[in-house]
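Protein chains in written order, with our numbering: chain A, 1 to 321; chain B, 322 to 642.
Using N, Cα and C, we set each Cβ at its ideal position, and we do this for glycine too.
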């Protein structure tokens, strides 16, 4: 591993996981961390998310040959300004943002003359903040590296090596294509999930308590994604607007077709769609991108009560006859 | 338990789980099963989904004081016709269908004079068929019982007792309200999931392989639901049309608002929605309707490789400098 010191700016789910993953998988590599929230810095120090936690972004990046910005995409430009003067001349500056075109432009502008190679590890959970990270978050997940035109291949290779060392699979593509791919595999799913959870919360005919009780019929799956960090996701939609709108309109057109099929009682159109969507699930499981167990392997009981299932003797006697 | 013999018509995920659950929790109660597919009957016998597997629905229901129809809602009427002449006079006929108004009407018409009490256990996985069932499927899940006007309270109580004995929580409501509640907590989530998986499969700009690789960004969650049984779901949308269209139009209106916010770069509207959707997730977890662990507690690695995470020594040396 040619990287010797990694600076992590932003110590939430992604930044914290990188810090823990480096300490586990690359024990010879130093980790320096910074977050602009003092409470997050304190918690990061308690959890040892990085070996050293600094009081300024500039302090954190001094001496680092790899700097990773782990802040919401709307905060990338400000973070870049904070580190610009303290950066080592040959340091790679990368990030973990979920949209890449606007981030690449912002970083390249602010950090002109530095080696900027944006990246996006496609990994996460619905949790956020300094308690959310864990060392294995990137195992068997893909990290997309989006080198700008003219990037030094040697530096790109260093970044690729780094992510592979954390357990990730790496693919490179241009930022435009990244933004289109992620619009469909991540951004639209989040938008839909946030929206349906909002719809269900606002109904006058169905109570919130009913929505919660009967959520195991499918709705609860959407609430997980809709519990993701609001700032991060607002920024994604502000920064990947064109690709999101393009994919959203494709989805809306398809949904209008299904609406028409329901209205017309056209079971054939429904059956055709519902049959062919099964195979993509099988592929995702086959390619190691999801748990093969039914229901994601959920422990579908109240914690600690798995063995407290009712037994015949415990049931109150029938009162019906 | 006042029920002595249960007949289960249809031995897929739900029917099989009922058979296994009765054998576990109500060992004194006899179970008789039937499925109209001979291959399913053979497999059901191998797995002992019921103590006896019969070659006709009529044979299965003879002597049963509780009959549960576990077939797609579009097949309920035909199943009712098959059993009508063999039913015991005081038997309760119930079902597990995901829509209740049309089922209640069909069963009451065909089984006039018999005690029909429709019900719907809100539980399941994406798997289907005689291999999918398991005895604990109903633990801590809600079962909605929808007694027709004038139903004998004693018979309703027997059915409630039965479901509670299998580990379920029971609520009674009228079928119209059930259909509206389930439209939002189950049917619309399934429709959305099927549709977005279809959209993602059909894009010319993004390959199917990319969709699979980068599905951990959120998309993979939707593929689970979109792997559910196509016949069952076609029937749900054919039978709960009005409530589904009503809820779908609410969702579409909300999605149009979010589309407008994205187009206008209105971060405040997005942030407001993305912030308030978190609390409903917390309630679902607090009320025991989902796994509290991040990411549903997914084992987010390739099976068997949890301990094979890359170590520093195993990484190829940096090739970049």
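task: May I have a chain-ordered list of the alpha helix (DSSP H) segments no shorter than 4 residues that lie completely inside the region 505–532 of chain B?
output: 509–522
message: Ignoring anything shorter than 3 residues, give me the beta strand (DSSP E) runs that lie fully in the region 424–502 of chain B, in order along the chain.
response: 440–442, 463–466, 490–493
query: Do you know how far the Cα of residue 397 of chain B is from the Cα of residue 359 of chain B?
result: Position 38 of the second chain, counting from 1, holds the residue named residue 359 of chain B. Position 76 of the second chain, counting from 1, holds the residue named residue 397 of chain B. Each residue's Cα considered, the two are about 19 Å apart.
message: At the 8 Å Cβ level, is residue 12 of chain A part of the contact set with chain B, yes or no?
response: For this step, residue 12 of chain A is matched to residue 12 along the first chain. Chain B, which has no Cβ nearer than 8 Å to the Cβ of residue 12 of chain A, makes this no.
task: Could you run through the region 94–106 of chain A and flag, in chain order, every residue whose CB is less than 8 Å away from some CB of chain B?
output: 98
task: Could you work out which residues of chain B lie near residue 255 of chain A, taking near to mean beta carbons separated by less than 7 Å?
output: On the first chain, residue 255 of chain A is found 255 positions in, with the first residue counted as 1. Result: 516.
Proximal residues to residue 323 of chain B (C-beta, below 6 Å), its chain only, five neighbours per side dropped: Indexing the second chain from 1 puts residue 323 of chain B at position 2. 479.
- request: Return the residue from the list B/599, B/459, B/467 that minimises the CA-CA distance to residue 425 of chain B.
  value: Mapped onto the second chain, residue 425 of chain B falls at position 104. Measuring from the Cα of residue 425 of chain B, the nearest candidate turns out to be B/467.
task: Scan the region 531–569 of chain B and note each continuous alpha helix (DSSP H) run of 4 residues or more that stays entirely inside, going in chain order.
output: 540–546, 551–560
message: Comparing C-alpha positions only, which one of A/102, A/181, A/9 sits nearest to residue 539 of chain B?
response: Within the second chain, the letter at position 218 stands for residue 539 of chain B. Residue A/181 is the option with its Cα nearest to residue 539 of chain B.
message: the ligand ATP and residue 127 of chain A: does any heavy atom of the ligand fall closer than 7 Å to the residue's C-beta?
response: This structure does not include the ligand ATP; it has no bound ligands of any sort.
Boundaries (first-last residue) of the alpha helix (DSSP H) holding residue 17 of chain A: Here the question's residue 17 of chain A lines up with position 17 in the first chain. Unbroken alpha helix (DSSP H) run through residue 17 of chain A: 13–25.
field: One or two residues paired with residue 92 of chain A in a DSSP bridge
entry: The count along the first chain starts at 1 and reaches residue 92 of chain A at position 92. In the DSSP output, where bridge partners are listed per residue, residue 92 of chain A has A/66, A/115.
- request: Would you kindly work out how many angstroms separate the C-alpha atoms of residue 136 of chain A and residue 372 of chain B, rounded to a whole number?
  value: Here residue 136 of chain A is taken as the residue at index 136 of the first chain, counted from 1. Here residue 372 of chain B is taken as the residue at index 51 of the second chain, counted from 1. Cα to Cα, residue 136 of chain A sits roughly 46 Å from residue 372 of chain B.
- request: Tell me, please, whether the CB atom of residue 163 of chain A is closer than 8 Å to any CB atom in chain B?
  value: For the purposes of this step, residue 163 of chain A is taken as the residue at position 163 of the first chain. Closer than 8 Å: no.
task: Please list the segments of the alpha helix (DSSP H) lying wholly inside the region 576–600 of chain B, counting only runs of 4 or more residues, in order along the chain.
output: 588–597
message: Would you say residue 601 of chain B lies against chain A (beta-carbon separation less than 8 Å)?
response: Reading the second chain from its first residue, position 280 is the one you call residue 601 of chain B. Judged by the 8 Å Cβ criterion, residue 601 of chain B is in contact with chain A.
task: Kindly indicate which residue of B/587, B/417, B/408 has the alpha-carbon position closest to the one of residue 435 of chain B.
output: Taking the first residue of the second chain as position 1, residue 435 of chain B is located at position 114. Cα-wise, what sits closest to residue 435 of chain B is B/408.
query: When the Cα atoms are used, what is the spatial distance from residue 278 of chain A to residue 63 of chain A?
result: Along the first chain, one-based indexing puts residue 278 of chain A at 278. Along the first chain, one-based indexing puts residue 63 of chain A at 63. If you take the alpha carbons of residue 278 of chain A and residue 63 of chain A, they lie about 50 Å apart.
- prompt: Is residue 430 of chain B buried or exposed, if buried means 16 or more other CB atoms sit within 10 Å of its CB?
  reply: As a first step, residue 430 of chain B is located in the second chain; it is residue number 109 there, counting from the start. When all chains shown are included, residue 430 of chain B counts as exposed.
Spatial neighbours of residue 14 of chain A in its chain, beta-carbon cut-off 6 Å, leaving aside the 5 residues before and after: Here residue 14 of chain A corresponds to residue number 14 of the first chain, with the count starting at 1. So the list reads 70, 96, once near-sequence residues are dropped.
- request: Go through its chain and collect everything with a Cβ distance to residue 636 of chain B's Cβ below 8 Å, but skip five positions before and after it.
  value: Taking the first residue of the second chain as 1, we reach residue 636 of chain B at position 315. Residue placement at residue 636 of chain B is flagged as unreliable, the pLDDT there being 31, under the threshold of 50; a coordinate-derived value is accordingly withheld.
- prompt: Going along the region 44–61 of chain A in order, which residues come within less than 8 Å of chain B, judged by CB to CB distance?
  reply: none
- request: Taking the CB atoms as reference points, tell me whether residue 280 of chain A and residue 604 of chain B lie closer together than 8 Å.
  value: On the first chain, residue 280 of chain A is found 280 positions in, with the first residue counted as 1. On the second chain, residue 604 of chain B is found 283 positions in, with the first residue counted as 1. Cβ distance not < 8 Å, so residue 280 of chain A and residue 604 of chain B don't count as in contact.
- prompt: Is it the case that the Cβ atoms of residue 597 of chain B and residue 199 of chain A are separated by a distance below 8 Å?
  reply: Position 276 of the second chain holds residue 597 of chain B. Position 199 of the first chain holds residue 199 of chain A. No, the pair does not count as a contact, with Cβ atoms beyond the cut-off.
- prompt: Is the CB of residue 17 of chain A under 8 Å away from at least one CB in chain B?
  reply: Position 17 of the first chain, counting from 1, holds the residue named residue 17 of chain A. Closer than 8 Å: no.
- prompt: Can you find a CB in chain A that lies within less than 8 Å of the CB of residue 435 of chain B?
  reply: Within the second chain, numbered from 1, the residue matching residue 435 of chain B stands at position 114. Not one chain A Cβ lies under 8 Å of residue 435 of chain B.
- request: Would you tell me roughly how many angstroms separate the C-alpha atoms of residue 401 of chain B and residue 357 of chain B, rounded to the nearest one?
  value: Translated into positions along the second chain, residue 401 of chain B becomes position 80. Translated into positions along the second chain, residue 357 of chain B becomes position 36. Near 13 Å, if we compare the C-alpha coordinates of residue 357 of chain B and residue 401 of chain B.
Close Cβ partners of residue 4 of chain A (< 7 Å) along its chain, the five nearest in sequence each way excluded: Working through the first chain from its first residue, we reach residue 4 of chain A at position 4. Counting only Cβ-Cβ distances below 7 Å, and skipping sequence neighbours, we find 29, 30, 65.
- request: With 8 Å as the threshold, decide whether the Cβ of residue 172 of chain A is near any Cβ in chain B.
  value: The count along the first chain starts at 1 and reaches residue 172 of chain A at position 172. By this cut-off, residue 172 of chain A is not an interface position.
query: So with Cβ pairs under 8 Å, would you call residue 410 of chain B a contact of chain A?
result: If you number the second chain from 1, residue 410 of chain B lands on position 89. No, residue 410 of chain B does not count as interfacial toward chain A.
query: Three-state secondary structure (DSSP) at residue 351 of chain B?
result: Sequence index remark: in the second chain, residue 351 of chain B carries index 30 (1-based). Residue 351 of chain B falls in the strand class under three-state DSSP.
message: Taking 7 Å as the limit between beta carbons, can you name the residues of its chain near residue 20 of chain A, skipping five residues before and five after?
response: As a first step, residue 20 of chain A must be located in the first chain, where it is residue number 20. Correct list, in chain order: 49, 133, 134, 135.
query: In the structure shown, what three-state DSSP assignment does residue 7 of chain A receive?
result: If you number the first chain from 1, residue 7 of chain A lands on position 7. Three-state DSSP puts residue 7 of chain A in a strand.
message: For the region 581–588 of chain B against the region 259–271 of chain A, do three or more pairs of beta-carbon atoms, one drawn from each stretch, fall closer than 8 Å, so that the two count as touching?
response: no
query: Smallest Cα separation from residue 586 of chain B: which of A/293, A/235, A/231?
result: Your numbering for residue 586 of chain B matches position 265 in the second chain. It is A/235.
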